[in-house]
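For the sequence shown, position 463 matches number 464 in our numbering, and the numbering has no gaps at all.
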Amino acid sequence: MDCNPRPLFLILHILLSCAAPAFQIIYPPNEVNLLDSKASQGELGWISYPQHGWEEISGVDEHYTPIRTFQVCNVMEYSQNNWLRTNWIPRQSAQKIYVELKFTLRDCNSIPLVLGTCKETFNLLYLETDDDQGSHFREHQFSKVDTIAADESFTQMDLGDRILKLNTEVRESLVEVKGSCVNHSKEEEPPRMYCSTEGEWLVPIGKCLCNPGYEEKSSTCQMCQPGFYKSTLGNTECSKCPPHSFSHHEGSLFCGCEKNYFRAEGDPVAMACTRPPSAPRNVISSINETSVILDWSWPEDNGGRRDITFTVVCKRCRSAPSGGGGLNQLCEPCRSNVRFLPRAAGLQNTTVTVADLLAHTNYTFEIEAQNGVSPLAPKMRQYAAVTITTNQAAPSPVTVIKKEKTSRNSVSLSWQQPERPNGIILDYEIKYYEKEEQETSYTILRARGCNVTLNGLKPNTAYLLQIRARTAAGYGASSPSIQFETSPDSAFSISSENSQVVLIAISSAVAIILLTVLLYVLIGRFCCHGKSKHPDEKRLHFGNGHLRLPGIRTYVDPHTYEDPSQAVHEFAKELDASCIAIDKVVGAGEFGEVCSGRLKLPSKKEICVAIKTLKGGYTDKQRRDFLAEASIMGQFDHPNIIRLEGVVTRSKPVMIVTEYMENGSLDTFLRKHDAQFTGIQLVGMLRGIASGMKYLSDMGYVHRDLAARNILVNSNLVCKVSDFGLSRVLEDDPEAAYTTRGGKIPIRWTAPEAIAYRKFTSASDAWSYGIVLWEVMSYGERPYWEMSNQDVIKAVDEGYRLPPPMDCPATLYQLMLDCWQKERNNRPKFEQIVSILDKLIRNPGSLKITANTTSRPANLLLDRSSSEVTSVGTVGDWMDGMRTLPCKEAFSGVSYSSCDTLAKTSTDRVVLTEVHVTPATCPEWEPSMGITTL
């Protein structure tokens with residue numbers, strides 16, 4: 002190499018060691034020595050730091066030739082940093098330098114108590130400079146050549162003999178040659194090589210990487226072949242195209258996706274191309290008044306991805322006439338206030354609840370499965386759809402109330418109909434009370450219209466008022482309380498004291514007469530079995546605010562009518578036989594065939610129905626018994642009770658027409674679909690049954706034959722209670738058995754007290770519900786298997802209870818055990834059962850804990866204090882505590898001053914179920930009276 006001459010400094014940097022170095026800077030043969038310290042006999046005069054660190058001494062080499070050397074051995078002091086630098090060495094024409102360094106080094110282990118300050122290595126550094134730096138130099142100017150270590154070290158013993166072990170190290174400088182990357186490659190680190198003094202290339206330094214689309218082969222970068230790709234810089238091999246992708250050209254950076262396959266923006270090129278998922282499967286809807294629970298299964302094809310979510314779209318649909326005379330289905334997005342729980346889009350689970358729908362309205366729900374590439378293929382999106390019709394529901398609250406006119410003793414009010422009436426508004430309940438009374442005493446009015454005048458108010462008094470609407474489904478929520486005030490007293494007054502007394506007496510007499518008349522009217526109206534006709538407005542006064550106004554009709558037994566046909570015409574709609582088309586016979590009933598068909602009423606769309614027919618040659622008693630079921634069903638209006646469409650009595654054959662339930666009886670349906678439903682779906686079915694039974698219980702109706710075979714299931718998995726001709730059907734029921742007290746009873750489903758004493762109540766229905774719960778969780782297995790009816794009676798009486806079905810959640814088995822309490826008052830009410838199931842639906846995780854088949858858990862689901870019947874101290878307390886009185890509405894607003902009054906009032910029609918009264922407070926009332934229904 003041709004380089005400008007430059008002088009050279011060498012520096013020896015030794016840290017806390019004992020060393021005696023000598024330098025010789027030489028060249029190979031035929032080259033000159035620039036510095037040879039062995040040839041100097043006088044002082045070298047090298048620069049040391051610190052000034053008193055290094056010591057220059059005279060000595061001999063291995064051949065006993067005198068030489069000048071430097072030594073340092075300050076190992077007993079901390080923070081040693083000893084520098085030794087040669088004088089300025091002219092470079093002359095030298096292009097390559099060899100350094101031969103001879104030194105001795107003492108073994109640190111031979112020095113006692115050096116405390117880790119002794120070192121056995123030192124550094125060799127150099128500096129190229131154009132002039133002599135003198136004694137002024139800075140450490141950072143020097144470049145390190147190497148760290149020097151001794152092959153041989155001496156010890157204290159060697160010092161005594163002065164036989165020092167001499168080490169020789171040679172270092173040379175190399176010539177660096179820089180290169181560049183060629184042939185479709187780029188530098189990762191600049192390439193360079195060093196040329197040795199022998200003219201050979203030493204190990205290369207730096208690296209060249211092949212460009213994307215190229216791979217290293219035979220020390221060159223070559224293009225990737227078709228079907229392969231390489232997306233990054235590097236010397237890795239080309240990769241084969243992932244599934245559903247291709248590359249048709251050489252040097253591909255990535256592989257394109259096949260038709261109908263895609264990559265999302267964040268997908269790596271090494272990932273296979275994917276596609277949108279298929280539609281969700283097995284969509285099932287469970288309707289509860291104006292809400293619906295949608296449940297579905299995962300798509301059969303996930304499109305090759307795991308990032309699947311679900312979106313539910315709600316549409317409100319109606320039929321509209323088309324140009325050709327037919328009907329078109331018109332759908333529009335649901336209202337914005339429809340609620341999705343937990344949400345409508347981005348669902349990661351396969352269940353959603355949709356609430357705040359309109360009653361009696363058709364809805365279509367489209368459920369789409371989406372993944373990361375769904376937005377790239379809008380035409381490939383698939384969804385599953387389900388159409389439902391919501392049921393009757395309680396109305397929404399009244400929100401707009403206006404005060405029209407105010408006087409000293411009255412106020413006139415008007416209001417707007419609720420935003421969501423959810424059916425026909427039957428009437429409104431107006432509740433008001435003095436503000437200072439704080440609802441301890443209040444008055445209730447019922448009005449059919451949207452206005453009312455409140456009379457008999459106190460002058461100059463503030464009142465609070467609430468209004469709620471009622472449909473066939475019951476009362477809605479009350480409106481927010483509003484305040485109004487009557488006007489102050491006017492100048493009018495009665496001057497005569499006698500006149501005031503007379504006026505008070507007259508008023509009191511009128512009030513007593515009105516109260517007496519009202520009492521008999523109420524008792525006759527709500528407890529008698531005749532047809533109830535409501536006036537436009539009724540007024541009742543409550544003493545302590547605990548009794549409630551009747552909001553739902555009480556069940557009327559059609560067998561109490563002198564003419565049973567009167568009950569049929571009162572509770573069932575007469576249909577024209579020409580509106581009914583029978584398609585096929587699907588079974589046989591007690592009185593004739595059961596068919597499926599269609600019902601088309603004027604100005605209404607055609608619907609599918611089930612038709613029960615009365616076979617020819619029937620007797621009058623058979624006709625009455627046949628139509629009695631219609632008289633019962635016609636009194637019920639609930640989404641979980643089979644709906645009666647009407648009867649045909651004026652032509653033959655006599656028919657009962659009900660809604661059509663596509664999936665038939667629950668027990669058969671479950672056996673056909675063994676283990677095919679999720680826990681939430683089963684709980685949804687059970688919740689529907691419990692809701693229907695709560696409605697019947699509130700109506701004062703006892704079913705007596707609640708079993709899975711008497712539950713019907715429609716296409717949306719909605720379960721509905723059916724079979725209301727119980728007393729006669731049991732006579733031919735294969736599951737029924739004679740009891741010791743006569744008559745047939747379905748033993749396996751019946752409570753012990755009903756079997757032994759024929760005490761049928763809502764509590765015995767709760768026992769039967771526990772058996773239905775067991776049937777559902779075992780997918781239609783027969784209760785008590787092949788045990789005989791007598792064995793079942795004996796086992797249950799001795800405390801045996803059915804074990805939990807396989808994989809039955811512990812909470813549901815606990816509910817079964819609660820329903821099977823021997824003491825009927827300890828069994829849950831259907832209202833409590835519905836509440837328990839609602840909590841399970843809202844918290845699906847609680848269904849994951851299965852019941853232990855080896856032990857029966859304690860009763861934890863119910864608060865026993867809420868269901869126990871205890872003694873009471875006063876008649877008022879007794880009235881407040883009554884829960885099972887069928888005609889409890891008749892006592893609203895009535896004051897009882899003695900037990901005698903109460904006894905006389907209820908002698909004819911009111912009979913109580915297990916009423917306990919202390920003899921001290923009510924000696925003339927019998928301690929325990931019981932009957933099942935009115």
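Glycine is no exception: its CB is placed at the ideal position from the N, C-alpha and C atoms.
Residue i: CB within 7 Å of a non-hydrogen atom of the ligand ADP
i, result
"W786", "Although the ligand ADP was asked about, the structure shown includes no ligands whatsoever."
Reference residue i, options the options, closest by Cα
i, options, result
"P396", "T362, Y476, Q677 and N372", "Y476"
"A691", "K760, C609 and V777", "V777"
"S232", "H245, T221, E238 and F255", "F255"
"V100", "D108, S111, T87 and P603", "T87"
"P269", "W47, G257 and P278", "G257"
"S604", "C580, K613 and A280", "C580"
"L667", "S779, T614 and S698", "S779"
"A151", "V171, Q833, L816 and K145", "V171"
"A356", "L683, I294 and E832", "I294"
"A386", "Y364, C182, N392 and L203", "Y364"
"T275", "S298, E251, D308 and I748", "D308"
"T156", "G665, R107 and Y696", "R107"
"W299", "R624, R340, T362 and Q371", "Q371"
"C332", "N338, C318, F341 and L342", "C318"
"I389", "G781, S716 and K745", "S716"
Enclosing beta strand (DSSP E) for residue i [first to last residue]
i, result
"V270", "Segment: none, V270 is in no beta strand (DSSP E) and carries neither H nor E."
"P747", "K745 to P747"
"R69", "P67 to Q72"
"S298", "S292 to S298"
"D839", "Premise fails: D839 lies in the alpha helix (DSSP H), F831 to R843, not in any beta strand (DSSP E)."
"S144", "S144 to A150"
"W786", "Note, W786: premise wrong, no beta strand (DSSP E); not H, not E."
"R193", "S186 to C196"
"R107", "Careful: R107 lies outside any beta strand (DSSP E) and carries neither H nor E."
"T221", "T221 to M224"
Residues of its chain near residue i, where Cβ-Cβ distance is below 7 Å and the 5 sequence neighbours each way are ignored
i, result
"N350", "none"
"N184", "T221 and C222"
"K823", "P753"
Segment limits, alpha helix (DSSP H) that includes residue i
i, result
"A448", "Not the alpha helix (DSSP H): A448 falls in the beta strand (DSSP E), residues Y443 to A448."
"C1", "Summary: the structure shown does not reach residue 1, with the chain confined to residues 2 through 935, and so no result is reported for it."
"A395", "Where A395 is concerned, there is no enclosing alpha helix (DSSP H), given that its DSSP letter is neither H nor E."
"D428", "Segment D428 to E435 is the beta strand (DSSP E) holding D428; no alpha helix (DSSP H) there."
"V797", "N790 to D798"
"P753", "P753 to Y758"
"R624", "D621 to M634"
"A764", "S763 to M778"
Same chain, Cβ closer than 8 Å to residue i, five either side skipped, listed in chain order
i, result
"G588", "E594 and V595"
"T902", "For T902, the pLDDT reaches just 35, beneath the cut-off of 50, and the residue's location in the model is therefore unreliable, leaving the point undetermined."
"I58", "A21, R69, T70, F71 and Q72"
"S186", "C209, L210, C211, N212, Y215 and C222"
"E190", "I206, G207 and K208"
Below-8 Å beta-carbon distance, residue i vs any chain C residue
i, result
"S144", "The question asks about chain C, but that chain is absent: this structure has only one protein chain."
Same chain, Cβ closer than 6 Å to residue i, neighbours up to 5 away in sequence not counted
i, result
"D584", "S597 and G598"
"Y814", "P805 and A852"
"K406", "S413"
Quiz item: Going along the chain, which unbroken runs of the beta strand (DSSP E) with 3 or more residues stay wholly within the segment 463-491?
Solution: The qualifying runs are 463-472 and 483-486.
Quiz prompt | the segment 844-854 in contact with the segment 805-813 per 3-pair CB rule at 8 Å | solution = Yes: the two stretches touch, three or more of their Cβ pairs being nearer than 8 Å.
Quiz prompt | Touch test, the segment 398-405 against the segment 298-317, Cβ-Cβ under 8 Å, three pairs minimum | solution = No contact exists between the segment 398-405 and the segment 298-317.
Self-check item: contact_flag[the segment 630-638, the segment 570-590] where n(CB pairs < 8 Å) is 3 or more
Solution: Segments in contact, yes.
Quiz item: Between the segment 653-663 and the segment 287-307, do at least 3 Cβ pairs fall closer than 8 Å?
Solution: No contact exists between the segment 653-663 and the segment 287-307.
Quiz item: Are three or more beta carbon pairs between the segment 214-227 and the segment 284-300 nearer than 8 Å?
Solution: No, because fewer than three Cβ pairs between the segment 214-227 and the segment 284-300 fall closer than 8 Å, the two stretches do not touch.
Quiz item: If we count Cβ pairs, one from each stretch, closer than 8 Å, do we get three or more for the segment 448-465 versus the segment 425-434?
Solution: Yes: the two stretches touch, three or more of their Cβ pairs being nearer than 8 Å.
Quiz item: For the segment 710-722 against the segment 677-691, are there 3 or more C-beta pairs whose distance is under 8 Å?
Solution: These segments touch.
Exercise. Would you list, in sequence order, the uninterrupted alpha helix (DSSP H) runs of no fewer than 4 residues that lie entirely inside the segment 668-715?
Key: Runs found: 680-700.
Self-check item: Validate contact between the segment 257-266 and the segment 240-248 using beta carbons, cut 8 Å, 3 pairs
Solution: Judged by Cβ distances under 8 Å, the segment 257-266 makes contact with the segment 240-248, as three or more pairs qualify.
Quiz prompt | Touch test, the segment 70-77 against the segment 107-116, Cβ-Cβ under 8 Å, three pairs minimum | solution = With three or more CB-CB distances shorter than 8 Å, the segment 70-77 counts as touching the segment 107-116.
Quiz prompt | Complete runs of the beta strand (DSSP E) confined to the segment 636-668 [at least 3 residues] | solution = If only complete runs of 3 or more residues are kept, the segment 636-668 shows the beta strand (DSSP E) at 645-649 and 656-660, in order along the chain.
Self-check item: Sufficient close CB pairs (3 or more, under 8 Å) joining the segment 698-712 to the segment 759-779
Solution: With contact defined as three or more Cβ pairs closer than 8 Å, the segment 698-712 and the segment 759-779 are in contact.
Quiz item: Can you give, in chain order, each stretch of the beta strand (DSSP E) that sits fully within the segment 336-378 and has at least 3 residues?
Solution: The DSSP assignment places 340-342, 352-356 and 363-371 as complete runs of the beta strand (DSSP E) inside the segment 336-378, in order along the chain (cut-off: 3 residues).
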